[in-house]
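*Asks:* Okay, so the sequence shown: first residue is 13 according to the numbering used here, each after it adds one.
Glycine included, every Cβ here is placed at the ideal spot set by N, Cα and C.
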Amino acid sequence: MLKKRAILITALVTIVVAAVAVFLYAARRPAAVPSPHAIVPPSIHYARDPSHPVTAIHLAAVYFVPKDIAASADASWRDTFNHALAELVRFYEFELHGAVAITYTVYPTPIIGEANHHVYDGGDTNRGNPNALAAVSAELGRRLFTPGGDHYDASFVRSVPGTDEALAILYEGVGSIATLRLAAGEQQAPNPLYQHSLIELDGVEWPVFLVSRFFLTTEGYRDYGETVFAHEFAHLFGLDDRFDADGNPTSDDIMGSGRFLPLVNTYLSLEDKRELGLTY
Ligand SMILES: [Zn+2]
Numbered sequence: 013m014l015k016k017r018a019i020l021i022t023a024l025v026t027i028v029v030a031a032v033a034v035f036l037y038a039a040r041r042p043a044a045v046p047s048p049h050a051i052v053p054p055s056i057h058y059a060r061d062p063s064h065p066v067t068a069i070h071l072a073a074v075y076f077v078p079k080d081i082a083a084s085a086d087a088s089w090r091d092t093f094n095h096a097l098a099e100l101v102r103f104y105e106f107e108l109h110g111a112v113a114i115t116y117t118v119y120p121t122p123i124i125g126e127a128n129h130h131v132y133d134g135g136d137t138n139r140g141n142p143n144a145l146a147a148v149s150a151e152l153g154r155r156l157f158t159p160g161g162d163h164y165d166a167s168f169v170r171s172v173p174g175t176d177e178a179l180a181i182l183y184e185g186v187g188s189i190a191t192l193r194l195a196a197g198e199q200q201a202p203n204p205l206y207q208h209s210l211i212e213l214d215g216v217e218w219p220v221f222l223v224s225r226f227f228l229t230t231e232g233y234r235d236y237g238e239t240v241f242a243h244e245f246a247h248l249f250g251l252d253d254r255f256d257a258d259g260n261p262t263s264d265d266i267m268g269s270g271r272f273l274p275l276v277n278t279y280l281s282l283e284d285k286r287e288l289g290l291t292y
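(1) Which whole-angstrom value describes the C-beta separation of P219 and A178, a residue pair presumed to lie in contact below a C-beta threshold of 8 Å?
(2) Less than 8 Å between the C-beta atoms of F168 and A72, yes or no?
(3) Give me the residue from T117, I69, V112, T121 with the minimum Cα distance to A87.
(4) Just to confirm my understanding: we take G270, look at its own chain, exclude 5 residues before and 5 after, and list those with CB closer than 6 Å. What are they?
(5) Comparing C-alpha positions only, which one of T92, R60, E105, F157 sits nearest to F227?
(6) I81 by DSSP, collapsed to three states: which one?
(7) So, at 7 Å on beta carbons, what are the nonlocal neighbours of A266 in its own chain, with the 5 sequence-adjacent residues on each side left out?
(8) What is the DSSP secondary structure of E217, counted as helix, strand or coil?
(9) Spatial neighbours of R225 within its chain, please: CB distance less than 6 Å, with the 5 preceding and 5 following residues excluded, ordered by chain position.
(10) Can the beta-carbon of T67 be found less than 8 Å from the beta-carbon of A113?
(11) E287: which of I51, H57, L194 sits nearest, CA to CA?
(12) For D176, report the span of its beta strand (DSSP E) as first-last.
(13) Cα separation between G187 and S55?
(14) Would you say the beta carbon of E244 is closer than 7 Å to some non-hydrogen atom of ligand 1?
(15) Taking Y75 as the reference, give the member of I69, S63, A96 with the closest Cα.
(16) In three-state DSSP terms, what is Y75?
(17) Check L205 in the structure and name its three-state DSSP category.
(18) Kindly examine ligand 1 and report whether one of its heavy atoms sits closer than 7 Å to the Cβ of D253.
(19) Taking only the alpha-carbon atoms, compute the straight-line gap between A147 and A127 and give it to the nearest angstrom.
(20) Just to confirm my understanding: we take E151, look at its own chain, exclude 5 residues before and 5 after, and list those with CB closer than 7 Å. What are they?
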């Protein structure tokens, strides 16, 4: 009888100990706390155009030198260009909270223009040099984007599904200007100073921005040359300037007076972000 009771007690104790052990094992596993790395980035769209989401942009990047100044092409253009592109990516990664993956490919050699600089500039380089944007875009469309062109490279100008393409031109000349993307239903750019230059390839539109090499290497622009480069890129999203025709700023962000600050010291305003569908 006593032996039976001892066996029964031993069995009960064993069961209790096992149950406690199972409970403790389960309880020691950490609760499912979301990792900050698992936070989904917000989604954005082109300015004032929710019908056109944008998740990835690839920049084809070209150093373009008019024929008559080929001898003065910058020997260190590749480092200069790569640095400006890398800083642009860093700026928008931070400002847009990772919503857009921006990648770039730099064309391996300078492209020497068929014409002299005054042909591209058209005699009037004010307002960012819109003549150069249109003329250089047209020439690159023919020589770089069209099979048979002397710089045609199918892999360089290929379109990747789900990625929006654009052309970044480092210009051996003056100016800084960009295609200003129009939202659906907009008949003309909010700021009519900007021409709507595009390269079209197999039904895909490549907006273009052009920035003088001097902005990136001249001492007088050292503080904000890369900011100008990143400012022009913002127009590809459809963001407009926030300064009037006389240059008086209406904001202090990168679209306004903040375009004259070092890139690390400027920002994209909440007003601009709201146009892209962001709330912070
Ligand atoms: Zn601008």
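*Replies:* Taking the structure as given:
(1) About 5 Å; that satisfies the 8 Å criterion.
(2) yes
(3) T121
(4) Cβ within range, chain order: D264, T278.
(5) T92
(6) helix
(7) Here residue 266 turns out to be Ile, not Ala, going by the sequence shown. So the list reads T239, A242, H243, A246, T278, Y279, L280, once near-sequence residues are dropped.
(8) Three-state result, E217: strand.
(9) D86, L182, E184
(10) yes
(11) Comparing C-alpha distances from E287 to each of I51, H57, L194 shows the shortest one belongs to H57.
(12) 176-183
(13) If I take the Cα positions, the gap works out to 32 Å.
(14) yes
(15) The shortest C-alpha separation from Y75 is found at A96.
(16) strand
(17) Low local confidence applies: a pLDDT of 49 at L205 is under 50, so the model's placement there is unreliable, and no value is given.
(18) yes
(19) 10 Å
(20) G125, E126
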